[in-house]
Amino acid sequence: MKRRFFLGSMAAASLPSPAATAARVEVEIKRLKLRHTWTTVMSSSEYRDTVQLRIHREGIRARGEGAPIVRYQESAQSARKAIEAVKDYLATADLRAYQKVLNTVFGRIEGQWAAKSAIDIAVMDWVAQKAGMPLYQWFGCDPADAPVTTFSIGIDTPERTKQKVREAEAYPVLKIKVGLDSDEATLAAVRSVTTKPLRVDANEGWKTKEEALRKIKWLETQGVELIEQPMPAEMLDEQRWLRGKVNIPIFADEAALRPADVPKLAGAFDGINVKLDKCGGTQQALRMIYLARSLGMKVMLGCMVSSSCTITAAAHLSPLVDYADLDGNLLVSNDPYSGVKVVQGRLVLPNEPGLGLRDSPSL
Ligand code: MG
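Going left to right, the sequence shown walks through residues 709 to 1071 as my numbering numbers them.
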């Protein structure tokens, strides 16, 4: 009886169950809740709707995620619709030929870069899991080169800003959001409680080159090591003028969406901020990194508010860049996954195959 049971188990184990082999692609909208109300020049919110993608193929479960950006007319609904349109293709295409798969998908979807990023992340997670190696290894990166990440402090009252800075004790470099009339008060609040190096993001908040010059000259006296997107993305001539007048490195964010934007930014900016949700995933990010490098520019990897899925995908590329601002998952209270960790400010990449994500036990 025992022996028959054993043989029966063996037979069951050697035959893949239908659930393990059936190709399945799932897409859903997930509302990420924020620990603090998140305010920048652009918006203020308590939550962020993302699109989550899972590809089940050949016994592998791969995950992807996109955080659609309202500024570019994207929503969680439009992202889900875009992914729904290529679901059948993702369930049947040979994902090992991922360059072809992603080219095909990008050809079929108009815009919707966060949706494309979700697809890229899931496909690359699948490919690297299939190869049995962590994604950083697939990209040829040494995880020991992963940089320190900043922790972002959104715009708030001086009292709450001080409180947020105290809560960010574990992070050696802070990123401060500015771009309003309250900038001086914000910096004064930060500096009253910390001497840490700061990076400052104006999110296009200063509308003339004179205003940007005045603010940056002041920031240069405040221990600020770089500044992001001081003026609106289209003000490239003014930006070129500004760069010649200040010492602080200036990075493009809203002006650097995708690879084709990079060449025209050389000479106007010192570096670019690459985000998977802006450009359409890891392969597009690699193109931006290579382009910027070939033009002598620095590179930062940034993020939207996301779960550990997107943040971990970006972190696997982070050994290739100078600066990381990969804290979007740290701002969320209901992260469905765990992946990359931050230890003494430094990104520590998972060693498991693919993204190396685990389902969050608390959800
Ligand atoms: Mg920015």
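Backbone N, C-alpha and C fix where the C-beta goes; we use that ideal spot for every residue, glycine too.
Quantities reported herein were computed from a predicted structural model and do not represent experimental measurements.
Check                                                                                                                                                                        : Outcome
Once you ignore the five residues that flank M709 on each side, which residues in its own chain have a CB closer than 7 Å to its CB?                                         : Because M709 sits at a pLDDT of 39, beneath the cut-off of 50, its placement in the model cannot be relied upon, and the point is left open.
Where V954 and L921 are concerned, what is the direct C-alpha to C-alpha distance, given to the nearest angstrom?                                                            : 7 Å
Touch check for the region 969–980 and the region 805–817: three-plus C-beta pairs under 8 Å?                                                                                : no
Taking all protein chains shown into account, do 16 or more other C-beta atoms lie within 10 angstroms of the C-beta of A852, making it buried, or fewer, making it exposed? : exposed
Assuming the contact rule is C-beta atoms closer than 8 Å, T1018 and V1048 should be a hit. Round their C-beta distance to whole Å, please.                                  : So it is not a contact: roughly 10 Å between Cβ atoms.
Is any non-hydrogen atom of the ligand MG found closer than 7 Å to the C-beta of Q947, if you look at the structure I gave you?                                              : no
Does the distance from the CB of E754 to the CB of L742 come in under 8 Å?                                                                                                   : yes
In whole angstroms, give me the CA-to-CA distance for C987 and Q785.                                                                                                         : 19 Å
Select from K925, I861 and T990 the residue whose C-alpha is nearest the C-alpha of T745.                                                                                    : I861
Around the ligand MG, which residues pass a check of Cβ closer than 5 Å to any of its heavy atoms?                                                                           : D909, E936 and D961
Quick one: residues in its chain with C-beta nearer than 6 Å to the C-beta of V932, no 5 flanking neighbours on either side, listed in chain order?                          : L906 and V908
Confirm, please, whether the CB-CB distance from L1063 to L798 is below 8 Å.                                                                                                 : no
Checking 8 Å against the spacing of the C-beta atoms, do S1041 and A1032 come in under that value?                                                                           : no
Does the region 1050–1064 touch the region 868–876, meaning 3 or more C-beta pairs lie closer than 8 Å?                                                                      : no
Tell me, to the nearest whole angstrom, how far the beta carbon of A836 is from that of V759; I am working on the premise that it is less than 8 Å.                          : Not really, about 21 Å apart at Cβ, beyond 8 Å.
Would you report the Cα separation of Q807 and A801, rounded to the nearest angstrom?                                                                                        : 11 Å
Among all the DSSP beta bridges, which residues are the ones paired with L1065?                                                                                              : Per DSSP, none; premise fails for L1065.
Which residue from K883, K983, S1016 and G975 puts its Cα closest to that of S1002?                                                                                          : G975
Using three-state DSSP, classify Q781 as helix, strand or coil.                                                                                                              : coil
How is K915 classed by DSSP in three states: helix, strand or coil?                                                                                                          : coil
Span of the beta strand (DSSP E) holding K738?                                                                                                                               : R732 to T747
Identify whether Y806 lies in helix, strand or coil by the three-state DSSP scheme.                                                                                          : helix
Taking the beta strand (DSSP E) that V932 belongs to, which residues open and close that run?                                                                                : V932 to E936
Unbroken alpha helix (DSSP H) runs of length 4 or more, entirely within the region 981–1065: which are they?                                                                 : 984–987, 990–1002 and 1016–1025
Would you say K1006 and P957 are within 8 Å of each other, going by their C-beta atoms?                                                                                      : yes
For the alpha helix (DSSP H) containing Q760, list its first residue and its last residue.                                                                                   : No alpha helix (DSSP H) holds Q760; the beta strand (DSSP E) holding it covers S752 to R765.
In whole angstroms, give me the CA-to-CA distance for L1065 and T929.                                                                                                        : 42 Å
For R788, which of R756, V1056 and L761 has the nearest alpha-carbon?                                                                                                        : L761
Going by the beta-carbon positions, is the gap between L999 and P967 smaller than 8 Å?                                                                                       : yes
Given R769, which residues of its chain have a CB within under 8 Å of its CB, disregarding the five upstream and five downstream residues?                                   : R762 and I763
If you compare alpha carbons, which of A793, W846, G887 and E782 is closest to E1079?                                                                                        : There is simply no residue 1079 to check, as the chain begins at 709 and stops at 1071 in what is shown.
For the candidate residues K795, W821 and K838, whose alpha-carbon lies nearest to that of Q781?                                                                             : W821
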